[in-house]
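Below you'll find the structure, written out as structure tokens, and then a few comments.
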Amino acid sequence: MKCDIVVVVNNVSSVTRLLDFVKMIYGFGVRNLVLTRVYGAAAQQGIGEAFKVALKYSSSLLVLPDVSDAINLLVPDKIIVLKRRGEASTDLMSAVEGAGKIMIIVDGSDQETRAPNSIAAYSTQFNVGGLAMLAIGLDKLMQCLNNS
52 MKCDIVVVVN NVSSVTRLLD FVKMIYGFGV RNLVLTRVYG AAAQQGIGEA FKVALKYSSS
112 LLVLPDVSDA INLLVPDKII VLKRRGEAST DLMSAVEGAG KIMIIVDGSD QETRAPNSIA
172 AYSTQFNVGG LAMLAIGLDK LMQCLNNS
């Protein structure tokens, strides 16, 4: 499976939480990150720090007002919103099958994120937050990509 992955982290207000997402995403080798609805301290202090991390990993970082802006600008082939298993019926690995450009959206504050024409998918059977769901999902996805 060959694909281009774009991760969108939506709705973050904490600098620490923002940087945890950024470091984890780039640590998995994802090169395209979009931050949407960043507010509070994360908007004032965290974005600058996030750009430093992006430069360190030679990766791209976009900061946009809303998820729909990311979808309209990047035009992904598949849009996947990560959710808890009870809120989604599709496994992440099934959802990404056959896709070229995949946009994975996760809510940074563990609340509901919606996106038009998206697939709601889960990465684990456990009730964990957005950061853990994304880490588990990226681990599975990167293992699959590296083995194909």
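In this note's numbering, the protein residues as written are 52 to 199. Each residue gets a CB set at the ideal place from its N, CA and C atoms; glycine is no exception. In this text, all values refer to a predicted model and were calculated from it rather than measured experimentally.
Query - CB of residue 66 within 8 Å of CB of residue 87, strictly - result: As a working note, residue 66 is residue 15 in the sequence shown. As a working note, residue 87 is residue 36 in the sequence shown. Taking 8 Å as the Cβ cut-off, residue 66 and residue 87 do not qualify as a contacting pair.
Query raised in the report: For residue 160, which option in 140, 184, 61 and 169 has the closest C-alpha, if you only look at C-alpha atoms?
Result: Numbered from its first residue, the sequence shown carries residue 160 at position 109. When each option's Cα is compared against that of residue 160, the closest is 61.
Report task. For residue 126, write down the residues that DSSP places opposite it in a beta bridge. Result -> Taking the sequence shown and counting its residues from 1, one reaches residue 126 at position 75. Partner residues in a beta bridge of residue 126, as assigned by DSSP, do not exist.
Report task. Could you check the C-alpha separation between residue 78 and residue 125 for me, to the nearest Å? Result -> Translated into the one-based positions of the sequence shown, residue 78 becomes position 27. Translated into the one-based positions of the sequence shown, residue 125 becomes position 74. Going by the C-alpha atoms only, they are around 22 Å apart.
Query raised in the report: What separation, rounded to the nearest whole angstrom, lies between the Cα atoms of residue 136 and residue 179?
Result: Residue 136 sits at position 85 when you count from the first residue of the sequence shown. Residue 179 sits at position 128 when you count from the first residue of the sequence shown. Rounded to the nearest angstrom, the two C-alpha atoms are 10 Å apart.
Query raised in the report: How long is the line joining the alpha carbons of residue 83 and residue 121, rounded to whole angstroms?
Result: Residue numbering aside, residue 83 sits at position 32 when the sequence shown is read from its first letter. Residue numbering aside, residue 121 sits at position 70 when the sequence shown is read from its first letter. Near 11 Å, if we compare the C-alpha coordinates of residue 121 and residue 83.
Query - Check whether residue 170 and residue 55 have beta carbons under 8 Å apart - result: Along the sequence shown, read from residue 1 onward, the residue named residue 170 stands at position 119. Along the sequence shown, read from residue 1 onward, the residue named residue 55 stands at position 4. For residue 170 and residue 55, no; Cβs fall outside 8 Å.
Query - Closest residue to residue 99 among 75, 80 and 70 (Cα-Cα distance) - result: Within the sequence shown, residue 99 is the residue found at index 48, counting from 1. 70 is the residue among 75, 80 and 70 whose C-alpha sits nearest the C-alpha of residue 99.
Query raised in the report: If you check the beta carbons only, do residue 132 and residue 166 fall under 8 Å apart?
Result: Walking along the sequence shown from the start, residue 132 turns up at place 81. Walking along the sequence shown from the start, residue 166 turns up at place 115. For the pair residue 132 and residue 166, the CB atoms are nearer than the 8 Å cut-off.
Requested in this report: Just the C-alpha distance for residue 163 and residue 106, rounded to the nearest angstrom, thanks.
Outcome: Taking the sequence shown and counting its residues from 1, one reaches residue 163 at position 112. Taking the sequence shown and counting its residues from 1, one reaches residue 106 at position 55. So the alpha carbons of these two residues sit roughly 30 Å apart.
Query raised in the report: Pick from 94, 158, 111 and 168: whose alpha carbon is nearest that of residue 128?
Result: For the purposes of this step, residue 128 is identified with residue 77 of the sequence shown, where counting begins at 1. With distances taken between Cα atoms, residue 128 lies closest to 168.
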